[in-house]
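Everything on this sheet refers to the single structure shown next.
Residue numbers (UniProt numbering): 1 to 99.
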């Protein structure tokens, strides 16, 4: 949920149109610090996996296609590995029950 919250926050701040110089400067500073602190949040494996697997968010809020691609590959590899392990356990169980 962190990635969508940051995405929406930055999007809303970017769309805001301040009229005074102080507001313009504040918007600029907030966006600068958001990028500085949260710019690489999509590269945090646990956060990106949680976002992709959450049916409310899926792939919608990713700005970095490379981070999304790595996350999808990681999830796919984990599923395949788990499936292979499950298949080998099933085969081993069948051979044991025959003896």
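Ideal Cβ placement from N, Cα and C applies to all residues, glycine included.
Original post:
Below 8 Å between beta carbons: does that hold for residue 47 and residue 3?
Top reply: Here residue 47 refers to the residue found at position 47 when the chain shown is read from its first residue. Here residue 3 refers to the residue found at position 3 when the chain shown is read from its first residue. In contact: residue 47 and residue 3 (Cβ atoms closer than 8 Å).
**OP:** Starting from the C-beta of residue 43, find all residues in its chain whose C-beta is less than 7 Å away, skip the five residues before and the five after it, and write them out in chain order.
**Re:** As a first step, residue 43 must be located in the chain shown, where it is residue number 43. Closer than 7 Å at the Cβ level, and outside the excluded window around residue 43, lie 67.
Original post:
In whole angstroms, what separates the C-alpha of residue 176 from that of residue 65?
Top reply: There is no way to answer for residue 176, as the model of the chain reaches only from 1 to 99.
Original post:
With 16 as the cutoff for other CB atoms within 10 Å, does residue 62 come out buried or exposed?
Top reply: Counting from one through the chain shown, the residue named residue 62 turns up at place 62. It is buried - the Cβ of residue 62 has at least 16 other Cβ atoms within 10 Å.
Original post:
Can you tell me whether residue 79 is buried or exposed, with buried defined as 16 or more other CB within 10 angstroms of its CB?
Top reply: Within the chain shown, residue 79 is the residue found at index 79, counting from 1. That one is exposed.
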